[in-house]
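Mapping of the sequence shown onto our numbering: residues 70 to 481, in sequence order. Just so it is clear, CB atoms sit at the ideal spot from N, CA and C, and this is done for glycine as well. Take a look at the structure set out below.
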Amino acid sequence: MAKDQSDYFRTKQVWSKTKDGILGCYFAPYFSKVIPFSKDGIVYVDAFAGTDVFEDGEPGSPLIALSELRGAMSKQRQRSPIKIILAEKDDSIRAKLESVVRKSAGGTGYLQGDRICFADSFENAMTLSSQAELRTGRQPSTFFYYIDPYGIKDFRLSLVAGSPVPGHTEMLLNFSSSGFIRDARAALKVALTEQDENVMWSVAFAEDVPTTTRVERLNEAIGSDGWIELVIAYGRNEMTHRQLEIEVSALLCRNAQSYYRYVTNMPIRDVSVRREDNGAIKYRLVHMTNNHDGCVLVNDNMIKRNRDTQVIQQQLFLVDIDGNDIDSDTISSAMRKSVMTLPLNKPVSMWAILADVIAEVGVFDKSTAVLKTYLGPLIEEGLVERVEKFTPKTGKPKNTYSGPKTMVYRAK
Ligand SMILES: C[S@@+](CC[C@H](N)C(=O)[O-])C[C@H]1O[C@@H](n2cnc3c(N)ncnc32)[C@H](O)[C@@H]1O
70 MAKDQSDYFR
80 TKQVWSKTKD
90 GILGCYFAPY
100 FSKVIPFSKD
110 GIVYVDAFAG
120 TDVFEDGEPG
130 SPLIALSELR
140 GAMSKQRQRS
150 PIKIILAEKD
160 DSIRAKLESV
170 VRKSAGGTGY
180 LQGDRICFAD
190 SFENAMTLSS
200 QAELRTGRQP
210 STFFYYIDPY
220 GIKDFRLSLV
230 AGSPVPGHTE
240 MLLNFSSSGF
250 IRDARAALKV
260 ALTEQDENVM
270 WSVAFAEDVP
280 TTTRVERLNE
290 AIGSDGWIEL
300 VIAYGRNEMT
310 HRQLEIEVSA
320 LLCRNAQSYY
330 RYVTNMPIRD
340 VSVRREDNGA
350 IKYRLVHMTN
360 NHDGCVLVND
370 NMIKRNRDTQ
380 VIQQQLFLVD
390 IDGNDIDSDT
400 ISSAMRKSVM
410 TLPLNKPVSM
420 WAILADVIAE
430 VGVFDKSTAV
440 LKTYLGPLIE
450 EGLVERVEKF
460 TPKTGKPKNT
470 YSGPKTMVYR
480 AK
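What follows is the structure, encoded as structure tokens:
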């Protein structure tokens with residue numbers, strides 16, 4: 070049963086704080102990275118903005134983004150113009166949000182007037198973002214979308230394709246995987262074979278929505294009809310709810326890869342329940358980008374947040390962010406494959422090679438550890454060479470695997 074939404078903004082739940090930690094920690098490096106390169110401006114959209122501050126004092130997503138943006142702007146000599154678009158359907162929540170956000174913007178020049186605007190639906194926010202012009206006659210350089218709906222009802226995957234500059238667009242989506250499964254079971258009349266307590270805030274379709282419409286809306290949400298056979302298999306007890314949740318999320322990510330080269334995701338868990346299972350999955354945070362640095366930064370951020378707040382049982386073997394075993398041979402061959410797609414002798418950053426591995430294998434370890442363990446042997450073998458082979462100060466061979474700026478090339 071979905072809960073009354075008026076309760077949503079009472080207390081920020083622990084798992085939402087895990088997600089906010091990722092937002093906060095990602096926005097700082099993200100804005101710092103894009104500001105200098107976005108001469109024609111940055112458009113930031115929070116398509117389901119919610120409130121300014123929860124009743125327990127925790128900031129909502131618009132204030133988190135605004136605070137990180139201002140921090141990043143204050144450190145830049147050259148500032149790009151910015152437009153912030155916040156969409157909220159509920160009139161009274163939106164009015165309060167507008168008053169607090171405008172007050173918080175204060176006299177900051179780059180946040181005046183229509184540089185912050187408010188929309189009453191995500192559709193209108195998307196239209197505003199596609200029409201945004203921050204320098205006369207020029208299309209904005211960079212777009213970021215944060216999409217955090219209550220469930221599936223208001224989401225469709227084509228939303229993520231809606232940017233005028235796909236190469237400079239990033240998207241963070243809270244995908245209500247359990248809500249999707251609940252709605253999919255209802256559409257196909259597949260009974261629940263396991264208790265699912267994770268759909269509290271996910272709004273289902275109204276009772277009178279006919280089956281064909283439900284199926285179409287679910288197809289649009291996830292981007293294909295591939296979910297139907299998965300849910301039928303679940304109904305036949307051929308997979309557990311946990312497996313179904315992983316498969317449905319993987320399907321969404323595969324479909325999103327039609328628009329974005331690097332799609333990563335992590336489960337956001339309530340670790341106060343089902344501790345033997347490492348908690349219950351509330352939703353998936355899905356990151357989409359065509360930029361390799363963005364992919365690796367989010368990977369590292371997801372690993373850190375997961376280890377800090379979500380892992381109950383330490384694993385002895387190599388596991389991905391879902392706790393599933395992964396085989397190191399699979400990672401070795403993904404790394405080799407990524408290297409072999411490079412042209413000979415053309416320098417690239419280590420992160421460019423790594424992002425393809427993460428997109429293929431998923432999130433499982435920090436960037437430095439993965440590069441050391443899996444790119445290191447390819448350097449030793451001579452397949453890959455460092456551009457800078459020695460440390461200038463000491464003259465010793467370089468052995469760093471950190472940072473996006475370490476350049477290498479395929480040597481044979
Ligand atoms: C999950 S809450 C957002 C929480 C917020 N992003 C945060 O992290 O603090 C979803 C919000 O979307 C709003 N909403 C629902 N349908 C909408 C729509 N079609 N367009 C815009 N906002 C909508 C709801 O009123 C609610 O405030």
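Handout entry: Straight-line Cα distance separating serine 397 from serine 161
Key = Note on geometry: alpha-carbon atoms of serine 161 and serine 397 lie some 52 angstroms from one another.
Exercise for the section: Examine ligand 1 and report whether any of its heavy atoms sits within less than 7 angstroms of the Cβ of aspartate 121. Expected result: no
Problem - Counted within 10 angstroms of its Cβ, other Cβ atoms place threonine 120 as buried (16 or more) or exposed - result: buried
Practice task
From the DSSP output, in three-state form, read off asparagine 334 for me.
Solution key: Residue state, collapsed to three classes: strand.
Problem - Within the stretch 403 to 478, ranges of the beta strand (DSSP E) (whole runs, at least 3 residues) - result: 453 to 455
Exercise for the section: Return the bridge partner residues of tyrosine 215 from the DSSP annotation. Expected result: Asp115 and Leu241
Practice task
Return yes when the C-beta of alanine 156 is under 7 angstroms from any heavy atom of ligand 1, and no when it is not.
Solution key: yes
Exercise for the section: Kindly indicate the opening and closing residues of the alpha helix (DSSP H) around alanine 325. Expected result: 310 to 325
Handout entry: Own chain partners of alanine 424 with C-beta closer than 7 angstroms, once the 5 adjacent residues on each side are dropped
Key = Counting only Cβ-Cβ distances below 7 angstroms, and skipping sequence neighbours, we find Tyr331, His361, Cys364 and Val365.
Exercise for the section: Put isoleucine 390 into one of helix, strand or coil per three-state DSSP. Expected result: coil
Handout entry: Stretch pair the stretch 162 to 174 + the stretch 121 to 128: three plus CB contacts closer than 8 angstroms
Key = yes
Practice task
Indicate whether methionine 357 and valine 229 have their beta-carbon atoms separated by less than 8 angstroms.
Solution key: A contact, by the Cβ cut-off of 8 angstroms.
Handout entry: Secondary structure, alpha helix (DSSP H): runs of 4+ residues fully inside the stretch 137 to 194
Key = 160 to 174
Practice task
Classify arginine 207 as buried or exposed, calling it buried when 16 or more other Cβ atoms lie within 10 Å of its own Cβ.
Solution key: exposed
Problem - Local conformation of arginine 516 per DSSP, three classes - result: Absent from the model: residue 516. The displayed extent of the chain is 70 to 481, so no value can be given.
Practice task
Answer yes if the stretch 198 to 214 comes into contact with the stretch 144 to 154, meaning at least three C-beta pairs across the two stretches below 8 angstroms, and no otherwise.
Solution key: yes
Handout entry: Close-in-space but distant-in-sequence residues of the same chain around threonine 378 (CB under 6 angstroms, 5 per side omitted)
Key = Thr87
Exercise for the section: Identify whether tyrosine 352 lies in helix, strand or coil by the three-state DSSP scheme. Expected result: strand
Handout entry: aspartate 223: CB within 7 angstroms of a non-hydrogen atom of ligand 1
Key = Aspartate 223: yes, Cβ under 7 angstroms from ligand 1.
Exercise for the section: Under 8 angstroms by Cβ, that's how I've got proline 412 and methionine 476 pegged, so tell me the actual separation to the nearest angstrom. Expected result: The Cβ separation is near 14 angstroms, so there is no contact.
Exercise for the section: For threonine 358, write down the residues that DSSP places opposite it in a beta bridge. Expected result: Per DSSP, Glu239 and Tyr331.
Exercise for the section: Report whether the distance from the Cβ of isoleucine 151 to the nearest heavy atom of ligand 1 is below 7 angstroms. Expected result: Flag unset: Cβ of isoleucine 151 not near ligand 1.
Exercise for the section: Determine which residues share a DSSP beta bridge with aspartate 377 and list them. Expected result: Paired residues: none, contrary to the question.
Handout entry: Residue closest to valine 432, alpha-carbon to alpha-carbon, out of Tyr470, Arg376 and Ala174
Key = Arg376
Exercise for the section: Could you tell me the boundaries of the alpha helix (DSSP H) in which phenylalanine 96 lies? Expected result: Counting along the chain, the alpha helix (DSSP H) containing phenylalanine 96 begins and ends at 83 to 103.
Handout entry: CA-to-CA distance, leucine 354 to lysine 158, given in whole angstroms
Key = 22 angstroms
Handout entry: Residue burial classification, proline 279 (beta-carbon count within 10 angstroms, cutoff 16)
Key = Counting C-beta atoms within 10 angstroms of its own C-beta, proline 279 has fewer than 16 neighbours from the protein chains shown and is therefore classed as exposed.
Handout entry: Member of Tyr478, Asn368 and Asp217 whose CA lies at the smallest distance from the CA of methionine 409
Key = Tyr478
Exercise for the section: From the DSSP output, read off the bridge partner residues of proline 128. Expected result: Val122
Practice task
Can you give me the start and stop residues for the alpha helix (DSSP H) that serine 247 sits inside?
Solution key: 246 to 257
Handout entry: leucine 92 and isoleucine 154 closer than 8 angstroms at C-beta
Key = no
Problem - Cβ neighbours of serine 418 in the same chain (closer than 7 angstroms, five flanking residues each side left out) - result: Pro473, Lys474, Thr475 and Met476
Exercise for the section: May I ask you to list the residues that DSSP assigns as paired with aspartate 339? Expected result: Ala349
Handout entry: Presumed contact (8 angstroms Cβ cut-off) between leucine 287 and tyrosine 303, rounded CB distance
Key = That pair is no contact at about 14 angstroms.
Exercise for the section: Using the Cα positions of alanine 156 and methionine 195, report the straight-line distance between them to the nearest angstrom. Expected result: 9 angstroms
Exercise for the section: State the DSSP-derived secondary structure class of arginine 286, mapped to helix, strand or coil. Expected result: helix
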